[in-house]
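Take 0 as the starting number for the sequence shown in numbering that gives the first Met the number 0 and just add one per residue. Heads up: the structure comes next, in structure tokens.
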Amino acid sequence: MEFPQVDLPVDVIAWTDVTEDILNIYKQSCRLKACIFALCTEGSITVSINLMDTEIKQNDFVVLLPGTIIQFYEQKEKVRICFIGFSGHCLNGVNLIKATSGSFSRILECPVLKMDDEAASYYREFMALMAKVTNGTHPLDTVMAQKHLDILLYGTNMLYSQSAPQTKSNKSRKEDICRGLIQLVIENYTHERRAQFYADKLGISLQHLSTTVKQVTGRNVLDIIAYVVLVDVKAKLKSTDMTIQEIAYSLNFPSASFFGKYFKRHMGMSPLEYRNS
0 MEFPQVDLPV
10 DVIAWTDVTE
20 DILNIYKQSC
30 RLKACIFALC
40 TEGSITVSIN
50 LMDTEIKQND
60 FVVLLPGTII
70 QFYEQKEKVR
80 ICFIGFSGHC
90 LNGVNLIKAT
100 SGSFSRILEC
110 PVLKMDDEAA
120 SYYREFMALM
130 AKVTNGTHPL
140 DTVMAQKHLD
150 ILLYGTNMLY
160 SQSAPQTKSN
170 KSRKEDICRG
180 LIQLVIENYT
190 HERRAQFYAD
200 KLGISLQHLS
210 TTVKQVTGRN
220 VLDIIAYVVL
230 VDVKAKLKST
240 DMTIQEIAYS
250 LNFPSASFFG
260 KYFKRHMGMS
270 PLEYRNS
């Protein structure tokens with residue numbers, strides 16, 4: 000199933016008063032190209048995140064990484080949400096995996112984190128300030144937007160690293176497999192891109208892994224691997240002076256030519272075209 004891709008029209012945008020009236024407009028499942036940070040300030044709402052229903056309540060902090068599949072259900076009760084989003088263009092040159100350090104897999108596994116009142120107030124005030132800036136007559140340029148994204152990613156990493164892992168008593172074996180796959184990919188993507196390798200590491204058949212990942216995430220195993228690889232590659236292309244060959248070798252591709260074909264297959268353009276875009 001192919002989900003329509005949704006991005007933001009500008010590098011960064013923030014709102015402080017998103018209500019159920021606005022959310023009810025967005026009822027179709029879509030895949031984000033943007034990175035969204037949201038805080039529920041009043042009420043509750045049930046949404047589908049990566050095809051799993053999730054209830055978001057007051058003081059819940061939500062991190063939606065690019066590639067997330069999101070759907071809002073019809074909302075009749077009162078809810079208020081503030082959020083800040085960064086476009087796919089703004090994300091160019093930002094390595095989300097490294098920026099969130101050891102918390103990346105936990106964010107993917109558990110995109111909703113409960114905050115205490117004090118922490119929630121800090122983020123609410125930050126988003127209010129960003130809303131004032133982004134809706135003003137002097138919008139942030141891309142570099143400044145990326146600096147603010149770095150701040151949020153650093154803060155998010157701190158939140159996740161300081162919070163106890165949230166246990167889900169009803170967590171299914173399928174979700175465990177997907178979480179394990181993502182963690183293994185993050186640990187091994189620089190030298191291993193074969194789906195069979197990860198199936199062997201998880202102690203299950205490739206068919207079982209492929210079916211499970213597709214059911215839970217809507218993606219196939221190679222999509223998951225490529226997602227992590229490309230986060231690193233795009234950051235290197237946009238934010239370093241490494242040559243195409245150096246980037247290829249840093250990720251253990253057999254040649255720059257092979258790397259170029261891999262990148263083009265997933266991105267629709269060559270690494271050099273992406274760097275110059």
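We put the beta carbon where it would ideally sit given N, CA and C, even for glycine.
Close Cβ partners of residue i (< 6 angstroms) along its chain, the five nearest in sequence each way excluded
i           : result
residue 197 : 180, 183
residue 176 : 211
residue 152 : 98, 99
residue 19  : 74, 78
Environment of residue i [buried if 16+ CB atoms lie within 10 Å]
i           : result
residue 238 : exposed
residue 82  : buried
residue 107 : buried
residue 114 : buried
residue 192 : buried
residue 146 : exposed
residue 136 : exposed
residue 129 : buried
residue 84  : buried
Alpha carbon of residue i to alpha carbon of residue j, nearest angstrom
i           : j           : result
residue 167 : residue 78  : Caution is warranted here: a pLDDT of 49 is assigned to residue 167, below 50, making its placement in the model unreliable, and the coordinate value is therefore given only provisionally. So the alpha carbons of these two residues sit roughly 25 angstroms apart.
residue 215 : residue 174 : 7 angstroms
residue 21  : residue 71  : 10 angstroms
residue 249 : residue 242 : 10 angstroms
residue 73  : residue 45  : 9 angstroms
residue 251 : residue 190 : 5 angstroms
residue 23  : residue 240 : 45 angstroms
residue 202 : residue 232 : 29 angstroms
residue 269 : residue 4   : 21 angstroms
residue 36  : residue 271 : 31 angstroms
residue 178 : residue 230 : 18 angstroms
residue 169 : residue 111 : Below a pLDDT of 50, predicted positions are generally treated as unreliable, and residue 169, at 43, falls in that range; no measurement from the model is reported.
residue 41  : residue 141 : 31 angstroms
Assumed close pair residue i, residue j - CB separation to whole angstroms, cut-off 8 angstroms
i           : j           : result
residue 277 : residue 91  : No information on residue 277 is available, as it lies outside the stretch 0 to 276 that the chain covers here.
residue 119 : residue 58  : 4 angstroms
residue 65  : residue 32  : 6 angstroms
residue 255 : residue 244 : 4 angstroms
residue 38  : residue 123 : 6 angstroms
residue 144 : residue 10  : 4 angstroms
residue 80  : residue 132 : The Cβ separation is near 19 angstroms, so there is no contact.
residue 160 : residue 101 : 7 angstroms
Same chain, Cβ closer than 7 angstroms to residue i, five either side skipped, listed in chain order
i           : result
residue 205 : 194, 195, 198
Taking the runs of the alpha helix (DSSP H) that are 4 residues or longer, which of them lie wholly in the stretch 45-101? 87-90, 95-98
Going along the chain, which unbroken runs of the alpha helix (DSSP H) with 4 or more residues stay wholly within the stretch 146-221? 172-187, 194-201, 205-216
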